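A short write-up of the structure that comes next.
Numbering (the UniProt record's numbering), first residue to last: 1 to 282.
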């Protein structure tokens, strides 16, 4: 079975005529179905779909990797364009009051900036969204499954300490329980499609193996959240990727150029940048 991944939103444009925008959206076509992982930050998903000749009307299901606006900001426009009822799979904490802590250099002052979903649930439902909230993995067809909530297993992966949720007048650390990814089962092994991997790229891959009962991971594509990773985390991550036999690794969004350069050096022609306009067949 062939898997086709088309990236409709990413920080940088990888092809002429496409638009780069901070965020992520990847169309996953497998098993005769088109599943969209995330909707980007604003309207780039529409512009890039037009540039790439992608019919968004064929999208049958949407999966939200987590409740940050750079992955959900395009939802309203997407639903307006699709003009049909569509199931959207997400963790219940997608709607948590999500904030980022902002510290000013040279100052002890701290502020919090809202980074959550920029729309209310009722507005999106009025446009055709049918939300299915669950913490558990969901099989979308015979080949594609969500990870659901990802357990924190490794010793070297942590959730960023600048993520918070608002509880009344207080701000509490956000452990990002809503972070999830997509898994596709193929004859070559698993294809793991990451949204942001806030709870750890390797944690996500280990969970994918457990859900599917498949050890071999053929490819990992998407946001690895290695942008703040230190040397030890990078070493441990590379060791895990090698142990799992990953043959393709395409990085996006929250990977960061320093981490990407290390991965490129380590994996050579198995590595690629997955940008807006990228089409990958696996």
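Ideal placement from N, C-alpha and C gives every residue a C-beta, glycine not left out. A quick note: this is a predicted structure, and the numbers were derived from the prediction, not measured.
Where the beta strand (DSSP E) through residue 219 begins and ends: Taking the chain shown and counting its residues from 1, one reaches residue 219 at position 219. Segment 217–223, the beta strand (DSSP E) holding residue 219.
Unbroken beta strand (DSSP E) run spanning residue 33, endpoints: For the purposes of this step, residue 33 is taken as the residue at position 33 of the chain shown. Here the beta strand (DSSP E) through residue 33 covers 33–37.
Whole-angstrom distance between residue 198 and residue 164, CA atom to CA atom: Taking the chain shown and counting its residues from 1, the one referred to as residue 164 is at position 164. Taking the chain shown and counting its residues from 1, the one referred to as residue 198 is at position 198. So the alpha carbons of these two residues sit roughly 13 Å apart.
Range of the contiguous beta strand (DSSP E) that encloses residue 279: Working through the chain shown from its first residue, we reach residue 279 at position 279. Segment 279–281, the beta strand (DSSP E) holding residue 279.
In chain order, each beta strand (DSSP E) run of at least 3 residues that lies wholly inside the region 74–138: 86–90, 98–103, 110–114 and 129–133
Three or more C-beta pairs below 8 Å linking the region 26–41 and the region 152–159: no
Under 7 Å between C-beta atoms of residue 15 and residue 253: Working through the chain shown from its first residue, we reach residue 15 at position 15. Working through the chain shown from its first residue, we reach residue 253 at position 253. No, these two residues do not count as a Cβ contact at 7 Å.
Expected contact under 8 Å - CB spacing of residue 241 and residue 216 to nearest Å: Within the chain shown, residue 241 is the residue found at index 241, counting from 1. Within the chain shown, residue 216 is the residue found at index 216, counting from 1. No, residue 241 and residue 216 are not in contact; Cβ-Cβ is about 13 Å, not under 8 Å.
Exposed unless 16 or more other CB atoms sit within 10 angstroms - verdict on residue 126: Within the chain shown, numbered from 1, the residue matching residue 126 stands at position 126. Its Cβ having fewer than 16 others within 10 Å, residue 126 is exposed.
Cβ-based neighbour list, residue 51, same chain, cut-off 6 Å, excluding 5 preceding and 5 following: The count along the chain shown starts at 1 and reaches residue 51 at position 51. Same-chain partners within the cutoff: 17 and 18.
Beta carbon of residue 183 nearer than 7 Å to that of residue 220: Taking the chain shown and counting its residues from 1, the one referred to as residue 183 is at position 183. Taking the chain shown and counting its residues from 1, the one referred to as residue 220 is at position 220. For residue 183 and residue 220, no; Cβs fall outside 7 Å.
Residue 235 to residue 83 span [Cα, whole Å]: One-based indexing of the chain shown puts residue 235 at position 235. One-based indexing of the chain shown puts residue 83 at position 83. Each residue's alpha carbon lies about 46 Å from the other.
Residue 194, buried or exposed, once every other Cβ within 10 Å from all chains shown has been counted against 16: Position 194 of the chain shown, counted from the first residue, corresponds to residue 194. Buried is the call here.
Spatial distance of residue 181 from residue 90 (CA atoms): For the purposes of this step, residue 181 is taken as residue 181 along the chain shown, with counting starting at 1. For the purposes of this step, residue 90 is taken as residue 90 along the chain shown, with counting starting at 1. Using only the alpha carbons, I get a separation of about 10 Å.
Through-space distance from residue 248 to residue 222, alpha-carbon basis: On the chain shown, residue 222 is found 222 positions in, with the first residue counted as 1. On the chain shown, residue 248 is found 248 positions in, with the first residue counted as 1. Looking at the two C-alpha atoms, the distance is approximately 11 Å.
Segment limits, alpha helix (DSSP H) that includes residue 267: The count along the chain shown starts at 1 and reaches residue 267 at position 267. Taken as a continuous stretch (DSSP letters only), the alpha helix (DSSP H) holding residue 267 covers 257–267.
Whole-angstrom C-beta distance between residue 129 and residue 283, which should lie under 8 Å: Nothing about residue 283 can be reported from this structure: the residues present for the chain run from 1 to 282 only.
Among 97, 277 and 230, nearest to residue 256 - alpha-carbon criterion: Locating residue 256 in the chain shown gives position 256, where the first residue counts as 1. Nearest of 97, 277 and 230 to residue 256, Cα basis: 230.
C-alpha gap between residue 2 and residue 142, whole angstroms: Residue numbering aside, residue 2 sits at position 2 when the chain shown is read from its first letter. Residue numbering aside, residue 142 sits at position 142 when the chain shown is read from its first letter. Rounded to whole angstroms, residue 2 to residue 142 spans 13 Å at the Cα level.
Residue 231: first and last residue of the uninterrupted alpha helix (DSSP H) it sits in: The residue labelled residue 231 in the question sits at position 231 within the chain shown. Element bounds for residue 231: 231–243.
Contact set for residue 86: own chain, Cβ-Cβ below 8 Å, skip 5 residues either direction: Counting from one through the chain shown, the residue named residue 86 turns up at place 86. Correct list, in chain order: 59, 60, 61, 62, 79, 128, 129 and 130.
Residue interval of the beta strand (DSSP E) (run including residue 30): Locating residue 30 in the chain shown gives position 30, counting from the first residue. Where residue 30 is concerned, the enclosing beta strand (DSSP E) stretches over 25–30.
Residue(s) in a DSSP beta bridge with residue 194: Your numbering for residue 194 matches position 194 in the chain shown. Paired residue(s): 222.
Distance between beta carbons of residue 218 and residue 201, contact taken as under 8 Å: What you label residue 201 is simply residue 201 of the chain shown in a count that begins at 1. What you label residue 218 is simply residue 218 of the chain shown in a count that begins at 1. That belief does not hold up - the Cβ atoms of residue 201 and residue 218 are roughly 15 Å apart, past 8 Å.
Presumed contact (8 Å Cβ cut-off) between residue 174 and residue 243, rounded CB distance: As a first step, residue 174 is located in the chain shown; it is residue number 174 there, counting from the start. As a first step, residue 243 is located in the chain shown; it is residue number 243 there, counting from the start. No, residue 174 and residue 243 are not in contact; Cβ-Cβ is about 30 Å, not under 8 Å.
Start-to-end residues for the alpha helix (DSSP H) that takes in residue 286: Given a span of 1 to 282 for the chain in the structure shown, any question on residue 286 remains unanswerable.
Buried/exposed call for residue 23, threshold 16 Cβ in 10 Å: Residue mapping note: residue 23 aligns to position 23 of the chain shown, counting from 1. Buried is the call here.
Nearest-angstrom Cα separation, counted from residue 29 out to residue 187: Numbered from 1 along the chain shown, position 187 holds the residue referred to as residue 187. Numbered from 1 along the chain shown, position 29 holds the residue referred to as residue 29. Near 15 Å, if we compare the C-alpha coordinates of residue 29 and residue 187.
Per-residue burial, residue 157 [other beta carbons within 10 Å of its own, 16 or more giving buried]: Residue 157 sits at position 157 when you count from the first residue of the chain shown. Residue 157 is buried by the Cβ-count criterion.
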